[in-house]
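>
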Amino acid sequence: MQQFVNVTLTGLISGSVYAAFALALVLIWRSTRIVNFAQGSMAAATSFIALALIQSGWSYWLALVVALVSGFVLGAVVERVVIRPVEGGPELNAVIVTLGLFIAFQALIAIVYGSSFESFPAPFGLRGFSIGDTTIALTPNSLYVLGAVVVTMVGLIALFRFTRVGLAMRASAFGQEVARLLGVRVGRMLTLGWALAAVVGSLSGLLIAGGGLVWPAYMDALIVFGFVAAVLGGLDSPVGAVVGGLSIGLALAYVSAYIDPALVNLAALVILMVVLLVRPGGLFASSTARRA
Amino acid sequence: MSQPQDTTATSSGEMSSESPTESTAAANAPSAGASTGRSLLPSNTLLRHLLVLLLCAVVAVVLLESTDQFTNSQLAQLSYYAIAAGGLTVLTGLNGQISLGHGALMAVGAYTTALFLEAEEPLPLPVVLLVAVLLTTLVGALVGVAAARLHGPYLAGATLALAVGLPGLALYFREWLGGEQGLRVRAPRAPEAFDGFIGFVSGNPASNTKWLAYLGAICLLITFFLLANLARSRVGRTWRAVRDQEVAAELAGIDLGAWRVLAFVVSAACAGLGGAVLALVVRLAAPSGFTLVLSLALLTAIVIGGLGSLFGALLGSALLVFLPPFVTDLGADLGLNNTEAAQLAPFVYGVVLVVVMIFAPAGVVGSVRLRWRTWRARRAASAAGRA
Amino acid sequence: MTRSSRRLTRILATATVASTLAACGGGDGGSGGGGGGENEASDIGITEDSIKIGAHYPLTGVAAPGYSEIPTGVQAYFDCLNQEGGINGREIEYIYRDDAYNPTNTSAVVNQLVLEDEVFAIMGGLGTPTHSAVLEFLNAEGVPDLFVASGSRLWGENPEDYPYTFGWQTDYESEGKIIGQYIAENFPDARVGLFLQDDDFGEDGERGIREYIDDQIVAAERYVPGNTDVGPQIAALQAAGADFVVGFNVPSYTALSQLVALRLGYQPQWFYSNVGSDPALVGSLLQNFSQGAVSDASLLDGALTTEYLPGVDAPDNAWVQEFQRIWDECGGEGELTNYRIYGMAQAFTTAQALQAAGQNPTRDGLVEAIETAGSEWEGPTFAPFRYSEDSHMGTSGMQVSRITGTTAEEQTPVLVTDLGNAEIEEFDGEQAPPPANAIPDVESVVD
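Chains as they are written, first to last, in my numbering: chain A, 1 to 292; chain B, 1001 to 1387; chain C, 2001 to 2447.
1. Quick one: list the residues of chain B neighbouring Ala2220(C), beta-carbon separation under 9 Å, in chain order.
2. So the candidates are Asn2088(C), Thr2072(C), Gln2399(C) and Ser2042(C); which of them puts its Cα closest to the Cα of Arg2340(C)?
3. According to DSSP, is Ser130(A) helix, strand or coil?
4. According to the neighbour-count rule (16 or more other Cβ atoms, all chains shown, within 10 Å of its Cβ), is Gln2258(C) buried or exposed?
5. Under the three-state reduction of DSSP, which class applies to Asp2316(C): helix, strand or coil?
6. With DSSP run on the structure shown, which of helix, strand or coil describes Asp1195(B)?
7. Counting pairs of beta carbons, one from the region 1175-1191 of chain B and one from the region 1282-1296 of chain B, are three or more of them closer than 8 Å?
8. Opposite Met2398(C) in the DSSP bridges: which residues?
9. Is there a Cβ of chain A sitting closer than 8 Å to that of Tyr2342(C), yes or no?
10. Let me know if Arg185(A) comes out buried or exposed under the rule of 16 or more other beta-carbons within 10 Å of its beta-carbon.
11. So for Val2373(C), helix, strand or coil by DSSP?
12. In whole angstroms, what is the alpha-carbon distance linking Phe225(A) and Gln2269(C)?
13. Run the CB neighbour count on Leu1047(B), radius 10 Å, all protein chains shown included, and call it buried at 16 or more, exposed below.
14. Could you pull out every residue in the same chain whose Cβ sits closer than 6 Å to the Cβ of Ala209(A), ignoring the five residues on either side in sequence?
15. Check for me: the beta strand (DSSP E) holding Thr2123(C) runs from which residue to which?
16. Between which two residues does the beta strand (DSSP E) carrying Tyr2094(C) extend?
17. Could you tell me whether any Cβ in chain A is nearer than 8 Å to the Cβ of Gly2457(C)?
18. Using a Cβ-Cβ distance under 8 Å, would Ser14(A) count as near chain C?
19. Starting from Thr2306(C) and walking both ways along the beta strand (DSSP E), at which residues does that stretch end?
20. Compare the C-beta of Leu1286(B) against all C-beta atoms of chain C and say whether one is closer than 8 Å.
21. Classify Gln1097(B) as helix, strand or coil using the three-state DSSP reduction.
22. Spell out whether any CB of chain C is found under 8 Å from the CB atom of Trp215(A).
23. Is the region 1258-1268 of chain B close to the region 1095-1107 of chain B, with three or more CB pairs under 8 Å?
24. Should Asn2437(C) be labelled buried (16 or more other beta-carbon atoms within 10 Å of its own) or exposed?
25. Under DSSP, the alpha helix (DSSP H) around Trp1375(B) begins and ends at which residues?
26. Output yes if chain C places a C-beta closer than 8 Å to the C-beta of Asn1208(B); else output no.
27. Which chain A residues are close to Gly2265(C), counting only those with a beta carbon under 8 Å from its beta carbon?
28. Thinking C-beta only, is Val2446(C) closer than 8 Å to Glu2333(C)?
29. Does the contact criterion of 3 or more C-beta pairs under 8 Å hold for the region 2150-2158 of chain C versus the region 2166-2180 of chain C?
30. Could you work out which residues of chain A lie near Val2062(C), taking near to mean beta carbons separated by less than 7 Å?
31. Output, in chain order, the set of chain C residues within a Cβ distance shorter than 8 Å of Thr1159(B).
32. Ends of the alpha helix (DSSP H) at Glu1246(B)?
33. Taking 8 Å as the threshold (beta carbon to beta carbon), is Ser256(A) in contact with chain C?
34. Is the CB-CB distance between Leu1310(B) and Phe1224(B) below 8 Å?
35. In the DSSP output, what is Gly2193(C) paired with across the bridge?
36. Rounded to whole angstroms, what is the Cα-Cα separation between Met1(A) and Ala2261(C)?
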């Protein structure tokens, strides 16, 4: 029983980080109809900026803010400089550009920072809470992770539902011409979408790094599972991203504990296939998703 | 679609995927160069492709005999990437389906080859290769049925999961598939006739490296020959229709799903053969050889080279093989230590991907062809003006 | 090191050689110089004044952290060796290439090393799946394949199949046996759980350990390298009631398993195999977590481990001091680490092998030299190598130590054993002190 509880908690925590990453992918998808494979190495880059600051004596929170701001800038610059020229072109070209960025950023981190393991500090404790004399796999830090993801999700939903900017962003993504006619500055909205997504991506990078190890390729697993989670949920839906992330996290933890850790990735494939065969646009597909 | 003007492009062993308007424009432009091209090559597609095949075979022999052993080994590498990329370019370029999972299909081919060569008295190599292709085709059909229902990023996600998921089987069935350290492949020795052939052609020693390079080249030529014919046939035209005019094709009675599955099956067969050749050249089938990196490399190769073009797939594969050692050596010449030089290679590769996509969105072959057409049309127009 | 400074070194080295040769002129026959004749370009990769050695390591990608430091240690050792005149007046030219821990790439870069760079020998190729991709090729081409950096039995078990390949470090099975016997003798009541990397490393280790304490093992959990979430595995060990966990894992997973155990409030006696126990590295990794959650390296305090080579946790060891000097004088950026010491120690053995192969070494002569004399060489390893015509296995033994802070206290004498049923015995020799400048002085056994 204790094992089951602990495995479940472990799965929930990693699932929530997958969810955060999936949210970033959903954001970019909603704003530019592009799946950003570079998300992971962009997030790794900002995490390494934060790490450098922390190692030189800054507080975690200040470093977090700097990392998120640099994520915002990085996202905006990437959209303006390299994504803008391929926007509206063949779908595959944008995919290749983001793949190229993914490879280049990761290599750049290794060149600048070297290829070694570094530990990334956590803002809260890493010891599990005790109930009676049993300890469960829930730590103050994992509560922070869960909280941060929930806040981000609620924030994004609110942004899209209740603010003019959010509405303008959605309009720019769905119908550029119409949006332009209605006076939306589409270009700015696209840039904003990428910038916000990079912030969310950076956050997920920092969350998974906290209390763990980082190295230039540490986000690789997250890219795969984050993408799978986003697709599982339906790329258009923030709620779908979170549900997808949590279910992938839980399922993989159970497979790892009770079947065989070698089958974790295969399990992700099976789950995704089953869901997509029933609902080709993901769990929370809107009617337009299939056309995409 | 077999306008005489296309022969110039086809002679490099590619299939064109031009949109109707472009080819009409080209067809309407009479040109001296094109008509001499027609007089040299027969108008029958199959015959023409056979001639090109023969020409390419000669080029391959010349290339393999005029270069050193190391280049031979790089050409062997090139062949397995190009075989798989050729299949992928049919799927993605002609039929419009993205796949991030062809590395996993290559793994199926490689493991099958390794298993069949493990036997005390293994079957003849061509049979083993055929079995590898058939088995991968089967897996490809399964994946294809699922993939036919999916679009864009959903298909990308599913195939991505395939790329990372399938190699896990090798770990799970570790007794049988060798786990993390994989299965070592005993590549069969070259037949005596091969020694004789090399001795006759160039007098070079017939090393094992050379034998593998020839094996790769033969598989590559056969694959590209078959693919080029397929692309030029009714099948290829239907695929393009499914890609470009979904609704019209459906109205014309084309079963979209079945054609998509067929495209997947064909490309899976190529991936299987590519994997089999890889297993022979690398002498190992192990999960760490079939990571997501491989699948992504194949995709980048076909887009950079020029989507839908076999020649483009070949060019893109060449980039995969020749760019990293080139950059590493350049880095070392510039005074970097071995580690820094090695780190430079992926960085340059990533930058090349971005730059090519921004400045040559149609890939190398596509962009060159576009330039060539514009130039020819302009020349034709000015000639017409003078007349 | 830049090209130009390397060239400078070469000029300096040639000058030093000239003076050394002059000094030795009427002397004692020099260090290992057979015959005393002229240097000749005796084989591929050998010229009158250079020997080319190649290697493959993961320098980029997921396996790069840690492992990519090894060749920098090798390079530092060879640079210092070259400054002192190299081997028989030949400077060692060391080329290492990146395979990203992908066998497909290993095959390509080893082709390049052998066919294009034309190295004399390959040294320290890292990884079981990666190196097994080039095993056949190197042996078919007759390229000496020295001191593969992995504890698989593949490299030394069958010299008749792979006559050019040699292992170096203690194989995982022997290590498992030594650990098993230690537990059986000292913790007979422990309920043992195994935490294993899902490859030959975990597999061989498990086989060895089960020979001694099969009935004490209550759980064996595997992790797949690359999947950093080992929570389910540690939770399963805890649930199985294991109060003694033996880890056959790499250092990053030592840190990860400790963090998960902390989260779960799980406190068994830990025993990390040699590969995973780098206390300096793991300690510094764990040290950095803030908020008092992990205050220092205390998590690893009291853990047991095995050692076959002195590491940075033994700063008083004469070999470690010599390696520290070499790193300071000839190394690049960063600190001396156990990875770098590993590289230097392998480079030392390579230098011994080259000396033993005589003044004008050939590839076959090098193999013969290691088979003939390799088992007698003294070096940084605690126990001798097993090299002979019948075995190409590396060093045969290790000692059990307990980690306290960032140092290690020995718990047993050096124990030696071999594959299969071979008994575990106490090694009666002492570790020899390093020779001057840590440059070996081995007699030629060829010609």
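From the three backbone atoms N, C-alpha and C, an ideal C-beta is built for every residue, glycine too. For clarity, every value in this text was computed on a predicted model and none was experimentally measured.
Once the coordinates are examined:
1. The residue you call residue 2220(C) lines up with position 220 of the third sequence. Ordered by position in chain B, no residue passes the 9 Å Cβ test against Ala2220(C), which lies about 13 Å from the chain.
2. Start at 1 with the first residue of the third sequence, and residue 2340(C) comes out as number 340. Among Asn2088(C), Thr2072(C), Gln2399(C) and Ser2042(C), the Cα nearest to that of Arg2340(C) belongs to Thr2072(C).
3. The residue labelled residue 130(A) in the question sits at position 130 within the first sequence. Ser130(A) falls in the strand class under three-state DSSP.
4. Locating residue 2258(C) in the third sequence gives position 258, where the first residue counts as 1. Looking at its Cβ environment, which holds 16 or more other Cβ atoms inside 10 Å, Gln2258(C) is buried.
5. Taking the third sequence and counting its residues from 1, the one referred to as residue 2316(C) is at position 316. Looking at Asp2316(C) - three-state DSSP - the assignment turns out to be coil, as it is neither helix nor strand.
6. Stepping through the second sequence from its first residue, residue 1195(B) is reached at position 195. Here Asp1195(B) sits in helix by DSSP.
7. At 8 Å Cβ cutoff, the stretches touch.
8. Along the third sequence, read from residue 1 onward, the residue named residue 2398(C) stands at position 398. DSSP lists Leu2415(C) as partners of Met2398(C).
9. Taking the first residue of the third sequence as position 1, residue 2342(C) is located at position 342. So no, Tyr2342(C) is outside the interface.
10. Residue mapping note: residue 185(A) aligns to position 185 of the first sequence, counting from 1. Counting the other CB atoms within 10 Å of its CB gives Arg185(A) a total below 16, which places it among the exposed residues.
11. Against the third sequence, residue 2373(C) aligns to sequence position 373. Inspection of the sequence shows that residue 2373(C) is occupied by Ala rather than by Val. Helix.
12. Walking along the first sequence from the start, residue 225(A) turns up at place 225. Walking along the third sequence from the start, residue 2269(C) turns up at place 269. In this structure, the straight-line span from the alpha carbon of Phe225(A) to that of Gln2269(C) is close to 34 Å.
13. Translated into positions along the second sequence, residue 1047(B) becomes position 47. With a threshold of 16 other beta carbon atoms within 10 Å, Leu1047(B) falls short and is exposed.
14. Sequence index remark: in the first sequence, residue 209(A) carries index 209 (1-based). Closer than 6 Å at Cβ, skipping near neighbours: Ser47 and Phe120.
15. Locating residue 2123(C) in the third sequence gives position 123, counting from the first residue. Here the sequence assigns Met to residue 2123(C), which means Thr is not the residue at that position. Unbroken beta strand (DSSP E) run through Met2123(C): Ala2121 to Met2123.
16. Walking along the third sequence from the start, residue 2094(C) turns up at place 94. Looking at the DSSP string, the run of the beta strand (DSSP E) that includes Tyr2094(C) is Glu2091 to Asp2098.
17. Chain C is shown only over 2001 to 2447; residue 2457(C) falls outside these bounds and no answer can be derived.
18. Numbered from its first residue, the first sequence carries residue 14(A) at position 14. So, interface residue.
19. Numbered from its first residue, the third sequence carries residue 2306(C) at position 306. Per DSSP, Thr2306(C) belongs to the beta strand (DSSP E) from Leu2304 to Glu2307.
20. Reading the second sequence from its first residue, position 286 is the one you call residue 1286(B). As written in the sequence, residue 1286(B) is Ala, which differs from the Leu given in the question. Yes, its Cβ sits closer than 8 Å to a Cβ of chain C.
21. In the second sequence, counting from the first residue as 1, residue 1097(B) sits at position 97. In the structure shown, Gln1097(B) sits in coil (DSSP, three-state: anything other than H, G, I, E or B).
22. Position 215 of the first sequence, counted from the start, is the residue given in the question as residue 215(A). Yes - at least one Cβ of chain C is within 8 Å of the one on Trp215(A).
23. yes
24. Translated into the one-based positions of the third sequence, residue 2437(C) becomes position 437. With fewer than 16 Cβ atoms within 10 Å of its Cβ, Asn2437(C) is classed as exposed.
25. As a working note, residue 1375(B) is residue 375 in the second sequence. Taken as a continuous stretch (DSSP letters only), the alpha helix (DSSP H) holding Trp1375(B) covers Gly1363 to Arg1386.
26. Residue 1208(B) sits at position 208 when you count from the first residue of the second sequence. Chain C, which has a Cβ nearer than 8 Å to the Cβ of Asn1208(B), makes this yes.
27. One-based indexing of the third sequence puts residue 2265(C) at position 265. Correct list: Arg127, Gly128, Ser130, Thr134 and Thr135.
28. The residue labelled residue 2333(C) in the question sits at position 333 within the third sequence. The residue labelled residue 2446(C) in the question sits at position 446 within the third sequence. It is not a contact, given that the beta carbons lie outside the stated cut-off.
29. yes
30. Taking the first residue of the third sequence as position 1, residue 2062(C) is located at position 62. Per Cβ cutoff of 7 Å: Ala217 and Asp220.
31. Your numbering for residue 1159(B) matches position 159 in the second sequence. Near Thr1159(B) there are no residues of chain C at all, since even the closest Cβ is about 19 Å away, more than 8 Å.
32. Here the question's residue 1246(B) lines up with position 246 in the second sequence. It spans Glu1246 to Leu1251 - the alpha helix (DSSP H) in which Glu1246(B) sits, taken as one unbroken run.
33. Your numbering for residue 256(A) matches position 256 in the first sequence. With its beta carbon less than 8 Å from one in chain C, Ser256(A) belongs to the interface.
34. For the purposes of this step, residue 1310(B) is taken as the residue at position 310 of the second sequence. For the purposes of this step, residue 1224(B) is taken as the residue at position 224 of the second sequence. Yes. Within cutoff.
35. Residue numbering aside, residue 2193(C) sits at position 193 when the third sequence is read from its first letter. According to DSSP, which records beta bridges pairwise, Gly2193(C) is partnered with Ala2219(C) and Val2245(C).
36. The residue given as residue 1(A) occupies position 1 in the first sequence. The residue given as residue 2261(C) occupies position 261 in the third sequence. Answer to the nearest angstrom: the Cα atoms are 17 Å apart.
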